[in-house]
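Chemist: Protein chains in written order, with my numbering: chain A, 18 to 171; chain B, 87 to 907; chain C, 232 to 496. Just so it is clear, CB atoms sit at the ideal spot from N, CA and C, and this is done for glycine as well.
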Amino acid sequence: MSDHTIGVSVNGERYEREVEGRKLLVHFLRDDLDLTGTHVGCDTGNCGACTVLLDGRAVKSCMLLAVQADGADLTTVEGLAPDGELNTLQRAFSEHHGLQCGYCTPGMLLSATYLLAQNPKPTEEEIRRGIQGNICRCTGYVNIVRAITAASGQ
Amino acid sequence: MSETTIAPTPVELEVGYAGKSIPRKEDGRLVQGQGVFADDVKRHGMGYVHFVRAPYGHARIVSLDVSKAEALEGVYGTLTPDEVAELTDPFFELTTPPGSQIKDYALAVGRVRHIGEPVVAVVAASREVARDAADLVEVEYEPLDVLVDARRAQDEGAPILHDDAGTNVVWSGTFDWGDVDGALKAADRVVKIKELHFDRFSSTPLECSAALVEYDRGTGQFTLHCNHQMPGVAAIWMGPALRVPLDKLRFITQDIGGGFGNKITTHTYLTACCLLARKLRRPIQWTEWRTDQHTANAHGNERWFHDIEVAVQNDGTMLGFKVTALDDCGAFPRYEPLGCIIWAQVTPGLYRWRNIRVDFTQVVTNKSPVAPNRGYSRMQQLWLTERICDIVAHELGLDPVEVRKRNYIRTDEMPYETPNGCVYDSGDYARCLDLALELIDYESARAQQAASNGKLIGIGIGSTLDSGTNNFGQSTLLNPELQFSGNNEVATIKLDIFGEIVLTLGTVPQGQGHETVASQVAADILGVSPDQIHVRPGHDSYWNSHAGFSGTYASQFAVTGLEAVKGATEKLSLEIRRLAGGVLGGADPDDVVLEGGFAKRADNPEAALPFMACGAIVNANNAVLPPELRDITLNCRHVYVPPFTMPDFDRKFGNLTLTYATQIHACVVEIDPETGHVDILDYAAVDDCGIRIHPQIVEGQVHGATAHAIGAALHETFAYDEYGQLLTSNFYDYHVPHALDLPEIKTGHIESPSPFSSLGTKGMGEGGGAAIHAICAAIQDALRRAGKPAIVNDSFNPPERVWRMIQTPEETAALVEVTQQ
Amino acid sequence: MLLSELEYARPESVEDAVKLLSREDARALAGGQSLVNVMKTRVASPELVVDLNRIDGLRGIRAVDGALEIGAMTTYSAIVESAEVAAARPILAEVARTIADVQVRNRGTIGGNVCSNDPTNHFPPLAAALGAELTIAGSDGERTVGAEEFFEGVYLTAVKPGELLTSVRIPAKGGARDGWASVTLGKEGTGIVNVAATVSNGTARIAIGCVAATPVVVTASADETAVADAVRAAELDPPGDVHASAEYRRHLAEVLAARAVGSAT
């Protein structure tokens, strides 16, 4: 069994922890750092509920070992409104009823954040492609697409 | 007419937060990742559970050894079937003998009956160690013959799953209303359909089932932080099984990541966790993995329809039908056989035929047990009536739109009593259909269909009903020994010492926005804004008032939940007005109005008491009150009881639901004839759920139900091989539609208020599977127009199935025979 | 979902990686979008996981006289975003863009895709059709293998224990036209059948994926009938599973081969 000391920056705060080599990044975030906003929804890397930003790229944190995040800069849902003031995307999701149960929402917000950073004025097709890796069972995606469109100022 | 009293004139809520799409209270915490879901709950020293599960579809457990697992460093202990059999009694069965002899325990006792069935529980200091230890549990199995086809379940020589019952039949009965044989004789034609199949799938909520269970050794109290969506019913199963009083089972839920009926039958797992918490003297953490949810939690009812005979007139008037229905409920009934009667809430679908016979049998098979999946049992019946309608239309060369309009129950016939005594409260099906056709530009779509080049274009309608607020007396039609009837829901509301208004719900929402909608209703009655109503998030059975049927299921919140909120708030309003009336100089409560957080004399608005003063007087200053006002507590509870009566067992007759929301969908599909791939070009959903308290939430439910049903029609299936292995046991193989798979969903609505709810609302969340009906219709329409008279005989139509229908339409066409009388 | 215990190493050079990969039961971790899944099911539980993500020189795309030299650790996203690819051989980006979803594309690599050689992967048939050349580093230097030789069997390639794929070379497009057609589980999901084609001087070179352990390469003159006939003559024996029967896959191979050729640009 290998234990590794890793240093990770999450939402601007630096953490140093010891982890088993086999620990998944999503469990490190949820269990070791108590950042339970990032969720687990499947066991084959398909649902995207665990999506975070790693060095600016949207990734599924259940498909990474925690040790791989050593030295990286992560953003989780908790980092979107650090002082409790909702950002544009979060407000748009609420205004357009882009969430019902809220379980897919953190991952969805991170994917949307990444999409708009890459492509500030996406078409509907580009939005749908941008959240293709995030499964929602409540909304049918209709209002999520509306929310992201609104957040992009279109 | 069966006895459902009509409520007094619906209350017109003035000013009105009701009817507006106000911001949701739930959103703030959810968009910040601050929701509290069951797996988020942690306790010092907790042990993580991993279940060792059956690798066979059907096998005897020969021997079992946990010693190596227990010896692994970090393992706290295990739970075996022997312990479960000793410490618990089998879960209560709802069905009649011999099915009631089935023994259902928290772990597999003696035999495993479906792949993934939990056999042993291992608890360890970390999830990973629990998983490692599971590999060290040694179980020897003797494989038995596997039964995966419900049609073989009653064959001689079929493997019998439960020796205690001696049969695979859970329940069987005949429902016979009107005069089917007479109708078949009198009809111009009889359309016979040999076999239709409603496939196995489920809503697969994104959050899996989970619980953190604690046991207090001093008080014997179990506390379950979990996501069970019907805790009242969980307690009814678990208390007797665990041999503890129900009050010793405290269920705490907060945020739930989707339920859709898939979080109703997890009492088996919760029971195992309770036993472990007590045995190991530490909190026990269990979270289901996705694969676990697919193999061993809850599927939707799979149903075969055989030997259908439909009596029709040449002009398309449908007089009646008979059918033999065979329901496959998986290895254990659990909530079943309720599915054997719940379809009867919508026996005739949306149509006016009066002569219907259903021979219904439910059997067990070596598959995951079923649970009341979204659209529970009504969806299957409505799919049948819609398939019949389209097949009749096609066989008679009539337009399915015209056949529907000819046969739909008319709005002037509402309230309408169905052949089995259910009362459809209100609705205008023809108008909803017209709206749906307008949204897809039906004329243009037909023109496009005629002009199409190479691709096959089809147009389909799916009509459905969402029956809400059950009469649990329906269960007595299956088993007269059962002591369940009626329904209830609770709410409590108080005006507290600082004038804070606090509302608690008996319901257990999983995204439907109950906190928000309840606050709208309460706000309008108290003359405040919804922001001033603090709705307690989540449900805690220890402190929430709740009733036997409390929970969130069966499309009923807008009636049962809101009636409870309304009743409690009206009681509070009366108390505030009595109090203020007395304090402000002997005014009658009817002469006091509540406005802006004040109780004011109607004749002199300057004479006003702020809510804070009311709360302070009652809670901390009551000596100033005259004796006749000292009964005021400003803490009001209301139990809403819908006006049901017991149904008639002999005739299987009576009103089984209070309200009926309508959804009529229309879609245009394009089929690639070389691959069978179906693309949705246009999609419209029109709903009528009576008065809409929060239109955006209603529309969101319509979107979600449509998405689930499109998934079921084109992408999702729980497929088993002949060994009982589930081939679609995770999200890699079980394809849930993503944002590129689903179309833009156009919506329209009308409001036909319900005469049976005082707010005029109707429950509406489940949706009734309309997209399945519409897509099946559209595929059949496309093929027929292309000269391929195939019959869509299965609810699930992936590309290969559609391709085969194009290659050999005669195969499914052979299922239908039309005879002239 | 939970992995077995493992040892984790993070070499910073190809040389160190090669040494580590010579250990018994060592596996290379590239994008992890396949390997981590496999480890979750415990179908494979390597004792040593060698993370290649910090090795300089394994990433990057270079255009060399119209040909492309793509580092094995280049992600699908990098291929999609690459100006060099867009100029030299855009079919690579067109196909990469349809792999899974954006999160997977941000980590998944071309090297991982060809080395895992799952029959439903995108790059094996594409590499086979385009005539890619793959460079493998071992303890005694480098060697280059053509695509058809590279893919040996189910999950088996020419990369042996103690070796590491370092780059993939895609020949210059020249006057060729490239095409791709597929039927997937849902839109742009797992492949049911996929076909890559390149058309040059009236001849189509077609590589069919999902129908055998390795891509099946067929050549024909570049018209749709000749292509369909050639595929039929190849007498494919595809697997049947819950998503598609063997018969349907065989049929799709013909249809998609014709479409890949017909839509080649």
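In the DSSP output, what is I777 of chain B paired with across the bridge?
Modeler: In DSSP, I777 of chain B forms no bridge with anything.
Chemist: So, is the C-beta of Y479 of chain C closer than 8 Å to a C-beta in chain B?
Modeler: Chain B contact via Cβ: present.
Chemist: State yes or no: is the C-beta of S627 of chain B within less than 8 Å of the C-beta of R364 of chain B?
Modeler: Taking 8 Å as the Cβ cut-off, S627 of chain B and R364 of chain B do not qualify as a contacting pair.
Chemist: For N425 of chain C, write down the residues that DSSP places opposite it in a beta bridge.
Modeler: The partner list for N425 of chain C (beta bridge, DSSP) reads C:S413 and C:G440.
Chemist: What in chain A is Cβ-close to I783 of chain B, meaning under 9 Å?
Modeler: Correct list: H114 and Q117.
Chemist: Where does S561 of chain B fall in DSSP's three states?
Modeler: Here S561 of chain B sits in helix by DSSP.
Chemist: Of all the alpha helix (DSSP H) runs that stay within the bounds of the region 618 to 696 of chain B, which reach a length of 4 or more residues?
Modeler: Correct list: 648 to 669.
Chemist: In angstroms, rounded to a whole number, what distance separates the CA positions of K491 of chain B and A516 of chain B?
Modeler: One C-alpha to the other measures close to 6 Å.
Chemist: Can you give me the start and stop residues for the alpha helix (DSSP H) that L521 of chain B sits inside?
Modeler: Looking at the DSSP string, the run of the alpha helix (DSSP H) that includes L521 of chain B is Y515 to L525.
Chemist: List the residues of chain A that L289 of chain C touches, going by C-beta distances under 9 Å, in chain order.
Modeler: Ordered by position in chain A, no residue passes the 9 Å Cβ test against L289 of chain C, which lies about 15 Å from the chain.
Chemist: Is there a Cβ of chain B sitting closer than 8 Å to that of L483 of chain C, yes or no?
Modeler: With 8 Å as the cut-off, L483 of chain C counts as an interface residue toward chain B.
Chemist: At what residues does the beta strand (DSSP E) containing V162 of chain A begin and finish?
Modeler: Careful: V162 of chain A lies outside any beta strand (DSSP E), inside the alpha helix (DSSP H) at V159 to A168.
Chemist: Please name the residue or residues paired with F391 of chain B in a DSSP beta bridge.
Modeler: Answer is B:L282 and B:A411.
Chemist: Could you give the uninterrupted runs of the beta strand (DSSP E) lying entirely in the region 293 to 350 of chain C, keeping only those of 3 residues or more?
Modeler: As far as the region 293 to 350 of chain C is concerned, its whole beta strand (DSSP E) runs of at least 3 residues are 298 to 302.
Chemist: Given a cut-off of 8 Å, decide if E903 of chain B and K278 of chain B are closer than it, judged by their beta-carbon atoms.
Modeler: Their beta carbons are under 8 Å apart, which means K278 of chain B touches E903 of chain B by this criterion.
Chemist: Is G420 of chain C close to chain B, meaning its C-beta is less than 8 Å from at least one C-beta of that chain?
Modeler: Chain B, which has a Cβ nearer than 8 Å to the Cβ of G420 of chain C, makes this yes.
Chemist: Mark V274 of chain C as exposed unless 16 or more other C-beta atoms lie within 10 angstroms of its C-beta, in which case mark it buried.
Modeler: Counting Cβ neighbours within 10 Å, V274 of chain C comes out exposed, since fewer than 16 surround it.
Chemist: So, are the CB atoms of L222 of chain B and A155 of chain B less than 8 Å apart?
Modeler: Yes.
Chemist: List the endpoints of the continuous alpha helix (DSSP H) containing D262 of chain B.
Modeler: Segment V255 to W263 is the beta strand (DSSP E) holding D262 of chain B; no alpha helix (DSSP H) there.
Chemist: Which residues in the same chain as Q596 of chain B place their Cβ atom closer than 8 Å to its Cβ, once the five residues preceding and following it in sequence are excluded?
Modeler: Result list for Q596 of chain B: P291, N313, Q315, I342, G343, G344, G345, F346, K349 and T638, in chain order.
Chemist: I want to see whether chain F comes within less than 8 Å of E255 of chain C, judged by CB atoms only; does it?
Modeler: Here the protein chains are A, B and C, and chain F is not one of them.
Chemist: Buried or exposed: which applies to P616 of chain B, given that a residue is buried once 16 or more other Cβ atoms fall within 10 Å of its Cβ?
Modeler: Looking at its Cβ environment, which holds 16 or more other Cβ atoms inside 10 Å, P616 of chain B is buried.
Chemist: By a C-beta neighbour count over all protein chains shown, 10 Å radius and 16 as the cutoff for buried, is F110 of chain A buried or exposed?
Modeler: It is buried - the Cβ of F110 of chain A has at least 16 other Cβ atoms within 10 Å.
Chemist: Where does W372 of chain B fall in DSSP's three states?
Modeler: DSSP places W372 of chain B in strand when its eight states are reduced to three.
Chemist: If you draw a straight line from the C-alpha of A389 of chain C to the C-alpha of Y307 of chain C, how long is it?
Modeler: Taking the straight line from one Cα to the other gives about 22 Å.
Chemist: Pick out whichever of B:V198, B:A104, B:Y437 and B:V117 has its Cα sitting closest to the Cα of C121 of chain A.
Modeler: Ranking the options by Cα distance to C121 of chain A, first place goes to B:V117.
Chemist: With a threshold of 16 other CB atoms inside 10 Å of the CB of E30 of chain A, please say whether the residue is buried or exposed.
Modeler: Exposed: under 16 other Cβ atoms inside 10 Å.
Chemist: Counting beta carbon pairs with one atom in the region 728 to 743 of chain B and one in the region 500 to 517 of chain B, are three or more of them shorter than 8 Å?
Modeler: Contact holds: three or more Cβ-Cβ distances are below 8 Å.
Chemist: Measure the Cβ-Cβ separation of P712 of chain B and S512 of chain B and say whether it is below 8 Å.
Modeler: Cβ distance not < 8 Å, so P712 of chain B and S512 of chain B don't count as in contact.
Chemist: Can you have a look at W323 of chain B and say buried or exposed, based on whether 16 or more other CB atoms are within 10 angstroms of its CB?
Modeler: Per the 10 Å Cβ criterion, buried.
Chemist: Within the 8 Å Cβ cut-off, does D90 of chain A reach chain C?
Modeler: No, no contact with chain C.
Chemist: Would you say Y307 of chain C lies against chain A (beta-carbon separation less than 8 Å)?
Modeler: Chain A contact via Cβ: absent.
Chemist: Looking only at its own chain, which residues have a Cβ that is under 6 Å from the Cβ of P94 of chain B, when we skip the five neighbours before and after it?
Modeler: Legend: pLDDT at P94 of chain B = 41, less than 50; position of this residue unreliable, value from coordinates given subsequently. Excluding sequence neighbours, P94 of chain B sits near nothing in its chain.
Chemist: At a Cβ threshold of 8 Å, is N136 of chain A touching chain B?
Modeler: Chain B, which has no Cβ nearer than 8 Å to the Cβ of N136 of chain A, makes this no.
Chemist: For A303 of chain C, is the classification buried or exposed, using 16 other Cβ atoms within 10 angstroms of its Cβ as the cut-off for buried?
Modeler: Buried, because 16 or more other Cβ atoms sit within 10 Å of the Cβ of A303 of chain C.
Chemist: Of all the CB atoms in chain A, is at least one closer than 8 Å to the CB of T91 of chain B?
Modeler: The pLDDT assigned to T91 of chain B is 42, lower than 50, so where the model puts this residue is not dependable; a value taken from the coordinates is nonetheless given after this. Output row for T91 of chain B: interface = no.
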